[in-house]
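Step one of this worksheet: look at the structure below.
There are 2 protein chains.
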Amino acid sequence: MSSEFKLENRLCFRLYAASREVIKQLRPFLEALDLTYTQYLVMVVLWEGGTCSVKQLGQRLYLDSGTLTPVIKNLEKKELLRRFRSAEDERVVMTEITDSGKALQRRANEMTADMQACMALDKSEKAALGDLLNKLLPQ
Amino acid sequence: MSSEFKLENRLCFRLYAASREVIKQLRPFLEALDLTYTQYLVMVVLWEGGTCSVKQLGQRLYLDSGTLTPVIKNLEKKELLRRFRSAEDERVVMTEITDSGKALQRRANEMTADMQACMALDKSEKAALGDLLNKLLPQ
DNA sequence: CCCAATTTAATTGTGTTCAATTTAATTATA
DNA sequence: TATAATTAAATTGAACACAATTAAATTGGG
Numbered sequence: 004m005s006s007e008f009k010l011e012n013r014l015c016f017r018l019y020a021a022s023r024e025v026i027k028q029l030r031p032f033l034e035a036l037d038l039t040y041t042q043y044l045v046m047v048v049l050w051e052g053g054t055c056s057v058k059q060l061g062q063r064l065y066l067d068s069g070t071l072t073p074v075i076k077n078l079e080k081k082e083l084l085r086r087f088r089s090a091e092d093e094r095v096v097m098t099e100i101t102d103s104g105k106a107l108q109r110r111a112n113e114m115t116a117d118m119q120a121c122m123a124l125d126k127s128e129k130a131a132l133g134d135l136l137n138k139l140l141p142q
Numbered sequence: 004m005s006s007e008f009k010l011e012n013r014l015c016f017r018l019y020a021a022s023r024e025v026i027k028q029l030r031p032f033l034e035a036l037d038l039t040y041t042q043y044l045v046m047v048v049l050w051e052g053g054t055c056s057v058k059q060l061g062q063r064l065y066l067d068s069g070t071l072t073p074v075i076k077n078l079e080k081k082e083l084l085r086r087f088r089s090a091e092d093e094r095v096v097m098t099e100i101t102d103s104g105k106a107l108q109r110r111a112n113e114m115t116a117d118m119q120a121c122m123a124l125d126k127s128e129k130a131a132l133g134d135l136l137n138k139l140l141p142q
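Keeping their order, the protein sequence lines are chains Y and W. The working numbering numbers the first residue of the first sequence as 4 and each following residue consecutively. The working numbering numbers the first residue of the second sequence as 4 and each following residue consecutively.
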């Protein structure tokens, strides 16, 4: 068995496994916020901008409406965001953060440093990893 | 909005997005093999060793029986592997590659170089990324 | 203006992922 | 040696991911 065929030597596998491991490490923090990882990512976008269309969310998160629609509906059920159709273009569904959503941001921000400390990498390693991962993303 | 809170600056998000993007790039190859990504990873392990218990598969892939059991049953349905209980320890379920499974290996191996070329990284970048990802995996 | 093409979400169906629980087999211990 | 603890899979239920399809709204060419 030549080494390039070995599971552990496949970069696609290490990437997939590392991604899941990191998300697993974040789970205690996410549970404290009562959010899943995908819900958390949607909230990160809304904490930045306050409002966002489903299409724009999809472009930021690299997810389609098949994934986002149920996630957004769950966040609406938790009253962390509101959903409404754009008046200018009725095809567009907008999400808008609520007061509860904004309140959650304070607790989430306090955790951010600890969450980022989960990854056992120093500053320069994180920068290097970030640059390499960027090369794997579209554009 | 301080930059460490921005979605695109979060390493956990880049990792998650990059992992899914790479798997998306691999999909045409996987379709040619009529395998999902997870099914492919199980077959990579069996192509190496011929047989493997569910527990060992879980340790290699960082997946539990809740994920692996249905994946393995689907591979059994495709007749790429057989399942049987170990005679020494009836708790242990072993998987063993079939002749069809071995035949698929030849086609898969021919694709491996092209699959690995999907990632737009040169040799040294791949080595660096591999090392950084290893630091994020258990042990 | 009219209708075909495009765009945006939602829906449907398949297949993971993972936590929690259950079942069966094995091992350890009183 | 009974039985308590542990181990290995399977099961269950919730929540993604994603391809393919559908429906509604908008845009663009004749």
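Backbone N, C-alpha and C fix where the C-beta goes; we use that ideal spot for every residue, glycine too.
Counting of Cβ neighbours within 10 angstroms places Ser6/W among the exposed residues, the total staying below 16. Closer than 8 Å at the C-beta level to chain W, one finds no residue of the segment 88-111 of chain Y. Under the 10 Å beta carbon count, Thr41/Y is surrounded by 16 or more other beta carbons and is classified as buried. In this structure, DSSP gives Thr70/W a helical state, which the three-state scheme calls helix.
Residue environment analysis places Thr72/W among the exposed positions, since fewer than 16 neighbouring C-beta atoms fall within 10 angstroms of its C-beta. In the three-state scheme derived from DSSP, where H, G and I count as helix and E and B as strand, Cys15/W is classed as helix.
For Glu113/W, no beta strand (DSSP E) segment is defined; the enclosing uninterrupted segment is the alpha helix (DSSP H) at Asp102 to Gln119.
A direct Cα-Cα distance of roughly 18 Å separates Phe32/Y from Val48/Y. Here Arg88/Y is exposed. Its C-beta has fewer than 16 other C-beta atoms within 10 Å.
Secondary structure at Arg94/W: coil, using DSSP grouped into helix, strand and coil. The C-beta distance from Leu135/W to Leu124/Y rounds to 7 Å, short enough to fall under 8 Å.
In this model, Asn137/W and Val25/Y are separated by some 12 Å (Cα to Cα). Straight-line spacing of the CA atoms in Leu64/W and Glu93/Y works out to 45 Å.
Within the same chain, and ignoring the five residues on either side of Pro141/W in sequence, the residues whose Cβ sits closer than 8 Å to its Cβ are Tyr65. Annotation: Lys105/Y to Glu51/Y spans about 10 Å, alpha carbon to alpha carbon. When secondary structure is reduced to three states using DSSP, Thr54/W falls in the strand class. Beta-bridge partners of Leu84/Y (DSSP): Ile100/Y. Of the candidates Thr98/W, Leu107/W and Glu113/W, the residue whose Cα lies closest to the Cα of Cys55/W is Thr98/W. Listed along chain Y is no residue with a C-beta nearer than 8 Å to that of Ala35/W; the closest approach is about 16 Å. Excluding its 5 nearest sequence neighbours in each direction, Leu60/Y has C-beta neighbours in its own chain below 8 Å: Val45, Val48, Leu66, Leu71, Ile75 and Thr98, listed in chain order. Of the candidates Asn112/W, Arg109/W, Cys121/W and Leu14/W, Leu14/W places its Cα closest to the Cα of Leu29/Y.
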